[in-house]
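*Asks:* In full-length UniProt numbering, the protein residues as written are 1 to 279. Below is a structure I'd like to ask you about.
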Amino acid sequence: MKGHLIKTGRSVSDLYLQPAVGTTIEPEAIAELCTRLRAPDCPPQGIVQLGEWELEYRHARAFAYTVELLFRDGIYDLDGLARSGVILDGGAWLGLSVLRFRSLFPDVLIHAFEPDPALFEVLTRNLERNGIRNVEAHNVALADREDELEFLATGTDAGSLCVRAREGHLTRVPTRVLSDFVSSPVSLLKLNVEGSEWDVIDELGDRLALVDQVLIEYHGFNELPQTLHRILGRLDEYGFTYIVSHFDERNHACVPPLRLTADFRYFLLIYARKLDTAK
1 MKGHLIKTGR SVSDLYLQPA VGTTIEPEAI AELCTRLRAP DCPPQGIVQL GEWELEYRHA
61 RAFAYTVELL FRDGIYDLDG LARSGVILDG GAWLGLSVLR FRSLFPDVLI HAFEPDPALF
121 EVLTRNLERN GIRNVEAHNV ALADREDELE FLATGTDAGS LCVRAREGHL TRVPTRVLSD
181 FVSSPVSLLK LNVEGSEWDV IDELGDRLAL VDQVLIEYHG FNELPQTLHR ILGRLDEYGF
241 TYIVSHFDER NHACVPPLRL TADFRYFLLI YARKLDTAK
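Shown next, in the form of structure tokens:
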């Protein structure tokens with residue numbers, strides 16, 4: 001069923017919450033922290049200070065990379081958020097994305113999904129330690145069915161239901177379907193689910209019409225089916241306008257000289273929005 005666009009006489013400012021001011025962390029502080037996290041003698045886990053937050057980390061290099069992407073480069077930053085005020089954060093890892101969304105939009109309800117049991121405990125401790133309220137954390141993986149499925153736990157942000165060509169250990173985790181959480185308007189759906197993007201979007205079905213903005217990290221891995229065309233087609237079907245970015249120069253397969261080999265591995269960021277919402 002084709003998605004229905006909301007048409008009103010109101011202005012964009014009436015429909016959207018603007019990001020909070022004063023949310024920038026000094027670039028020097030980010031650079032200093034990430035240099036320490038990448039140092040050869042940095043402990044693999046510990047507690048660091050990021051702005052006003054005290055954060056527990058795992059896998060120092062992955063933590064540093066994510067800090068740079070979210071707080072230096074702002075790859076999840078939006079210029080406004082629909083006043084329904086609900087964010088669904090699929091693949092919340094240690095909570096950095098939750099903290100970025102909370103700093104930009106202090107009053108929204110955030111549902112955070114993290115399947116790895118050990119990392120989920122760190123996520124919840126980070127939220128509690130810093131007094132982050134109005135967040136519902138779910139220790140489940142988003143999938144195309146409610147079940148208990150095999151999950152590759154890597155200890156980093158790369159745990160996956162479908163990728164196996166990495167170091168880690170297999171465990172079983174409960175899965176939930178996204179449609180259970182989309183029965184009323186959603187301001188933003190963010191997915192970083194390591195190859196399960198299409199399964200989650202496809203299961204959502206007609207309820208995608210209730211979502212205002214979408215951020216998806218697409219994982220183009222040689223061992224996975226290519227589903228980018230399906231995701232973009234579904235977004236178009238439901239009235240979204242989208243852009244696709246490689247978002248980082250370290251994403252080597254996506255910067256010149258362009259190349260595709262049999263062992264390709266790349267990441268893309270899909271951002272989509274219903275531009276006719278305010279008409």
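Glycine included, each C-beta is placed from N, C-alpha and C at the ideal position.
Would you kindly work out how many angstroms separate the C-alpha atoms of K274 and D212, rounded to a whole number?
*Replies:* 6 Å
*Asks:* Name the residue from E237, T156, T35, V173 whose alpha carbon lies nearest to the alpha carbon of E146.
*Replies:* V173
*Asks:* Kindly indicate which residue of E150, Y266, V214, A62 has the alpha-carbon position closest to the one of L81.
*Replies:* V214
*Asks:* Buried or exposed for L170, going by 16 or more other Cβ atoms inside 10 Å?
*Replies:* It counts as exposed.
*Asks:* Where E52 and L78 are concerned, what is the direct C-alpha to C-alpha distance, given to the nearest angstrom?
*Replies:* 21 Å
*Asks:* Out of N251, V255, F247, D144, state which residue places its alpha-carbon closest to the alpha-carbon of Y76.
*Replies:* F247
*Asks:* According to DSSP, is E121 helix, strand or coil?
*Replies:* In the structure shown, E121 sits in a helix (DSSP, three-state: H, G or I).
*Asks:* For R133, name the three-state secondary structure that DSSP assigns.
*Replies:* For R133, the secondary structure class from DSSP, reduced to helix, strand or coil, is coil.
*Asks:* Which word fits T241, buried or exposed, when buried means at least 16 other C-beta atoms lie within 10 angstroms of its C-beta?
*Replies:* Classification of T241: exposed, given that the 10 Å Cβ count is below 16.
*Asks:* Pairs of beta-carbons, one from the segment 115-129 and one from the segment 219-231, closer than 8 Å: are there three or more?
*Replies:* no
*Asks:* Run the CB neighbour count on I30, radius 10 Å, all protein chains shown included, and call it buried at 16 or more, exposed below.
*Replies:* buried
*Asks:* At which residues does the beta strand (DSSP E) containing F221 begin and terminate?
*Replies:* 211-221
*Asks:* Cutting at 6 Å between CB atoms, please list the residues of its own chain near S245, excluding the five before and the five after it.
*Replies:* If we look at S245 and ignore the five residues flanking it on each side, its Cβ neighbours are L269.
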